[in-house]
Amino acid sequence: MRIVAFSINPLYPDQVMGGAPKHLQQIVAHLGSLGHQVTVLCSGDPAVDVPFQWGENVQVLPVLRFKLPFPQPYATPAYHLAAAIHEVASHLAQADRFYMHDGEFLFPYVYQSVPTVISLRDSVYPETQLGAFLFQGDVLITISEHSRQYYLHTAGRFLPDLAERMVVIPNGLDWNTFRPTPPAEILQIVPVDPQRDVVVLHPHRPEPSKGLPQTIQVADLLVKRYGLRNLKVLTPRWLEAGLSPEVREFVEAMRREIYCRGLTEYFVFHDWVPQRLMPQYYSLAAVTLALGSFVEAFGNAVYESLGCGTPAVVARVGAHRELLPDHLVDKVHFGDVETAAALAADIIAAGRRTSPETMAYLHQHYSRDRQVAAYAATILNARRRGPIAYRFPALNGATRFGLAPWCYEWSGGYYHDFRAEHCRIEPLRNLFRRYGSAWTAEQAEAAGVSPEMLADWLREGYVVPLLSET
Numbered sequence: 000m001r002i003v004a005f006s007i008n009p010l011y012p013d014q015v016m017g018g019a020p021k022h023l024q025q026i027v028a029h030l031g032s033l034g035h036q037v038t039v040l041c042s043g044d045p046a047v048d049v050p051f052q053w054g055e056n057v058q059v060l061p062v063l064r065f066k067l068p069f070p071q072p073y074a075t076p077a078y079h080l081a082a083a084i085h086e087v088a089s090h091l092a093q094a095d096r097f098y099m100h101d102g103e104f105l106f107p108y109v110y111q112s113v114p115t116v117i118s119l120r121d122s123v124y125p126e127t128q129l130g131a132f133l134f135q136g137d138v139l140i141t142i143s144e145h146s147r148q149y150y151l152h153t154a155g156r157f158l159p160d161l162a163e164r165m166v167v168i169p170n171g172l173d174w175n176t177f178r179p180t181p182p183a184e185i186l187q188i189v190p191v192d193p194q195r196d197v198v199v200l201h202p203h204r205p206e207p208s209k210g211l212p213q214t215i216q217v218a219d220l221l222v223k224r225y226g227l228r229n230l231k232v233l234t235p236r237w238l239e240a241g242l243s244p245e246v247r248e249f250v251e252a253m254r255r256e257i258y259c260r261g262l263t264e265y266f267v268f269h270d271w272v273p274q275r276l277m278p279q280y281y282s283l284a285a286v287t288l289a290l291g292s293f294v295e296a297f298g299n300a301v302y303e304s305l306g307c308g309t310p311a312v313v314a315r316v317g318a319h320r321e322l323l324p325d326h327l328v329d330k331v332h333f334g335d336v337e338t339a340a341a342l343a344a345d346i347i348a349a350g351r352r353t354s355p356e357t358m359a360y361l362h363q364h365y366s367r368d369r370q371v372a373a374y375a376a377t378i379l380n381a382r383r384r385g386p387i388a389y390r391f392p393a394l395n396g397a398t399r400f401g402l403a404p405w406c407y408e409w410s411g412g413y414y415h416d417f418r419a420e421h422c423r424i425e426p427l428r429n430l431f432r433r434y435g436s437a438w439t440a441e442q443a444e445a446a447g448v449s450p451e452m453l454a455d456w457l458r459e460g461y462v463v464p465l466l467s468e469t
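Note that numbering that gives the first Met the number 0 gives residue 446 to position 447 of the sequence shown, counting from 1, and the numbers run on in steps of one.
Here it is, written out as C-alpha cells:
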C-alpha cells in the first residue's frame, strides 16, 4: 500500500524530540518493514531541511510551513496553510491510506475520500483537542483509557458515533533496549561520577507543567533535610529549534530559583541525549521524578526509567493514575513535595531498583511489538465509513451527571487535572455520598444544589453529563 502520514511537528533523521515523534518513527518503520511505501509529511524550514529516510520504504518530507518553533503551529500566514493543504492533498491523491499522527491537520475535507486513521497523542495542546472535535476520520486511536474517556466526554458529547470509531492502543516500549544498561558513553554528556554522586533524573521538556519547580523543591529537601550532599539532578537542555521565548524565560527563572536556594552545584543542565544512550541515562540514576501537572495521555519517561531498573516517583495526574497499579510504582498527589522527597530519599537509602512484579507488568502490557502490530492492523484494515454526524444533546430532567474522568476524589476534596488544583466542594461530595456515582439535576436540587451551582460545575469541568454507555 501507499501510505501518507502527517506530523505537524518537525522530524529529524537522527534526533527524536519527545515521545510522539518516537512512536511515529516506530509505527512507520514497521509499516515500511512490511513492504508498504510510506511518505511522512512534516513541518520544516525549506532553507535547511532536506528529505531523509526513516528506514526501509519510509521517506520523510519536511515541506510543511507550520510555525516553528512550537507552540502555536497555526500562527502562520494563510498562504502557508493553503500550501500545506495542497501538499497533503497532492500526496493523498495517490494514497491508499492516511495516518494522521496527533490529530493536528485540521482540514477534514482534504482526506474525505481516503481511509483515514487519526491518533491523539495528548490531552492538552489546542490543535490536538480541536482535531478531536473536528474528527471526520474512520478510526480514532487514543493511547490510554484516560485519554479515551477525556475525548468521549468532551468531543463525544456532540459526535454520537465517536465511541464506536475509537480504539485504545497504549504506547509500547522496546524492552530489549530499555533495560538495565551500564553507563559508558553517557558519561561524556553528563558530567557525573557514578561511584560518588547520587543521580536524580528530571528527563522532561522545559515547560512549567512538566514539574521542574517541584523537582527543585524535592532537591532542596533531599539536600537540606536528608543530607544528600552528593546529589546531582540531571535535566536536558532543549534543542534550540524547540525553544520559544516563553520557554527561554521559564528556564532562566528556574535557574534563578536554583541559585537562590543555594542548589546550583546540585543541578546539571546537560546536552541533549541521543535515543541510543537513553538506557544508559536512565540506568545511571537512583530515581526519576515526574512530578508535574502536565496531563499526560501516556508519559513515556516514567516507564522507560522503570524498564532500565530505576524507580520513579510520579504525580497522580492524567494517565499516570491508571497505567500501573499503585503497588507497582510510587505515586504522590500533585504538589505533595514532602511525600515525594521522602519516597525518593527512601529509594536512595535502600538502593531500591524496579521490582520484578513491576517489570513483568510493563513487559506484558506495554510492549513495542504489540503496539506497532496494532497500529499496522488498524491502518491497513481501515475502511471509509462516511462522515460522522453532529448532534446537540439537550440536557433535561432525565440527564444523569457524574464526576468528570479527569477528576478524582482525594482527602475529602477533588483534584482536577486541567486546573492542577485540589478543591473542597462539600455539596458535590455530599451528592456522591447520597446518590452514588450518578444523579440527576432534580436529585441535586433536592440535596440543596441550585441549578446555578450545577451549571458552574459543568462549566468548570468537575462533572459531566452521562449521555451514553462509555
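Each residue gets a CB set at the ideal place from its N, CA and C atoms; glycine is no exception.
Enumerated in chain order, which unbroken segments of the alpha helix (DSSP H) with a length of 4 residues or greater are wholly contained in the segment 153–210? 161–164
If you reduce the DSSP assignment to three classes, tell me which class F51 lands in. As a first step, residue 51 is located in the sequence shown; it is residue number 52 there, counting from the start. Of the three classes helix, strand and coil, the one that applies to F51 here is strand, per DSSP.
Which value, in whole angstroms, describes the spacing of the CA atoms of R418 and V123? For the purposes of this step, residue 418 is taken as residue 419 along the sequence shown, with counting starting at 1. For the purposes of this step, residue 123 is taken as residue 124 along the sequence shown, with counting starting at 1. Rounded to whole angstroms, R418 to V123 spans 12 Å at the Cα level.
Nearest to P68 by alpha carbon, out of A28, T263, S42, T38? The residue given as residue 68 occupies position 69 in the sequence shown. Here the closest residue by C-alpha is S42.
Rounded to whole angstroms, what is the Cα-Cα separation between F470 and V189? Residue 470 lies beyond the stretch modelled for the chain, which goes from 0 to 469, so this question has no answer here.
Identify every residue that forms a DSSP beta bridge with E264. For the purposes of this step, residue 264 is taken as the residue at position 265 of the sequence shown. Per DSSP, none; premise fails for E264.
Using CA coordinates, which residue listed in Q148, M165, L80 is at the minimum distance from I117? Counting from 1 along the sequence shown, the entry for residue 117 is found at position 118. Closest option to I117, Cα to Cα, is M165.
Give the straight-line distance between the Cα atoms of H152 and I378, rounded to the nearest whole angstrom. Indexing the sequence shown from 1 puts residue 152 at position 153. Indexing the sequence shown from 1 puts residue 378 at position 379. So the two alpha carbons sit approximately 25 Å from each other.
With a threshold of 6 Å on Cβ separation, who are the neighbours of H364 within its own chain once the five nearest residues in sequence on each side are excluded? Start at 1 with the first residue of the sequence shown, and residue 364 comes out as number 365. Answer for H364: no residue qualifies.
Report the rounded CA-to-CA distance for R384 versus D137, giving the unit in angstroms. Within the sequence shown, numbered from 1, the residue matching residue 384 stands at position 385. Within the sequence shown, numbered from 1, the residue matching residue 137 stands at position 138. Straight-line spacing of the CA atoms in R384 and D137 works out to 6 Å.
Helix, strand or coil at A422 according to DSSP, with G and I counted as helix: Residue numbering aside, residue 422 sits at position 423 when the sequence shown is read from its first letter. What sits at residue 422 in the sequence shown is Cys, not Ala. Strand, per DSSP.
With DSSP as the reference, label M99 as helix, strand or coil. Taking the sequence shown and counting its residues from 1, one reaches residue 99 at position 100. Here M99 sits in strand by DSSP.
Could you give the distance in angstroms between the alpha-carbon of T75 and the alpha-carbon of Y281? Against the sequence shown, residue 75 aligns to sequence position 76. Against the sequence shown, residue 281 aligns to sequence position 282. Taking the straight line joining both Cα atoms gives about 38 Å.
8 Å contact criterion, which L402 and E356 should meet: CB distance rounded: Here residue 402 refers to the residue found at position 403 of the sequence shown. Here residue 356 refers to the residue found at position 357 of the sequence shown. With 8 Å as the limit, L402 and E356 do not qualify as a contact, their Cβ atoms being about 30 Å apart.
From L80 to V87, what does the alpha carbon distance come to, in whole angstroms? Here residue 80 refers to the residue found at position 81 of the sequence shown. Here residue 87 refers to the residue found at position 88 of the sequence shown. If you take the alpha carbons of L80 and V87, they lie about 11 Å apart.
C307 and P278 - do their beta-carbons sit closer together than 8 Å? Within the sequence shown, residue 278 is the residue found at index 279, counting from 1. Within the sequence shown, residue 307 is the residue found at index 308, counting from 1. Yes.
Can you find the residues in the same chain that come closer than 6 Å, C-beta to C-beta, to L200, ignoring five residues on each side of it along the sequence? Residue 200 sits at position 201 when you count from the first residue of the sequence shown. For L200, where only same-chain residues beyond five positions count, the Cβ hits under 6 Å are L233, A284, T287.
Please give me, in chain order, every unbroken run of the alpha helix (DSSP H) with length at least 4 that falls completely inside the segment 117–148. 125–132
List the residues that DSSP assigns as beta-bridge partners of L322. On the sequence shown, position 323 is the one that residue 322 refers to. Checking the DSSP bridge columns, you'll see L322 has no partner listed.
What is the DSSP secondary structure of W405, counted as helix, strand or coil? The residue labelled residue 405 in the question sits at position 406 within the sequence shown. Reduced to three states, the DSSP call for W405 is coil.
If you reduce the DSSP assignment to three classes, tell me which class K66 lands in. To locate residue 66, count along the sequence shown from 1; it is residue 67. In this structure, K66 counts as coil in the three-state DSSP scheme.
Between which two residues does the beta strand (DSSP E) holding V313 run? Reading the sequence shown from its first residue, position 314 is the one you call residue 313. Segment 311–314, the beta strand (DSSP E) holding V313.
When burial is assigned at 16 or more other CB atoms within 10 Å of the CB, is S89 buried or exposed? Here residue 89 refers to the residue found at position 90 of the sequence shown. With fewer than 16 neighbouring CB atoms inside 10 Å of its own CB, S89 falls in the exposed class.
Buried or exposed by the 16-neighbour rule on C-beta atoms within 10 Å, applied to F104: Position 105 of the sequence shown, counted from the first residue, corresponds to residue 104. Buried: at least 16 other Cβ atoms inside 10 Å.
Anticipated Cβ contact below 8 Å, L342 with D325, distance rounded: Position 343 of the sequence shown, counted from the start, is the residue given in the question as residue 342. Position 326 of the sequence shown, counted from the start, is the residue given in the question as residue 325. With a Cβ gap of about 13 Å, L342 and D325 do not count as contacting.
Is the distance from the Cβ of F400 to the Cβ of P310 below 8 Å? Taking the first residue of the sequence shown as position 1, residue 400 is located at position 401. Taking the first residue of the sequence shown as position 1, residue 310 is located at position 311. No; because the gap between Cβ atoms is not below 8 Å, this pair is not in contact.
Could you name the residues of the same chain whose beta carbon sits closer than 6 Å to that of H415, not counting the 5 residues immediately before and after it, in chain order? For the purposes of this step, residue 415 is taken as the residue at position 416 of the sequence shown. Closer than 6 Å at Cβ, skipping near neighbours: C406.
Same chain, Cβ closer than 8 Å to K21, five either side skipped, listed in chain order: By 1-based counting over the sequence shown, the position of residue 21 is 22. Excluding positions up to five away in sequence, the list reads V15, Q274, N299.
Please classify W271: is it buried, with 16 or more other beta-carbons within 10 angstroms of its beta-carbon, or exposed? The count along the sequence shown starts at 1 and reaches residue 271 at position 272. Result: exposed.
Check W237 in the structure and name its three-state DSSP category. Translated into positions along the sequence shown, residue 237 becomes position 238. In the structure shown, W237 sits in coil (DSSP, three-state: anything other than H, G, I, E or B).
Which parts of the segment 426–450 are runs of the beta strand (DSSP E), unbroken and 3 residues or longer, counting only runs that do not cross its ends? none
Nonlocal neighbours in the same chain, by C-beta distance under 8 Å from L290, ignoring five residues either side: Position 291 of the sequence shown, counted from the start, is the residue given in the question as residue 290. Here the set comprises G210, Q213, T214, V217, V312, V313, A314, V331, F333, V336, A339.
With a threshold of 7 Å on Cβ separation, who are the neighbours of R351 within its own chain once the five nearest residues in sequence on each side are excluded? Sequence index remark: in the sequence shown, residue 351 carries index 352 (1-based). Same-chain partners within the cutoff: P310.
How big is the Cα-Cα spacing for G411 and H319? If you number the sequence shown from 1, residue 411 lands on position 412. If you number the sequence shown from 1, residue 319 lands on position 320. When rounded, the distance between both Cα atoms is 21 Å.
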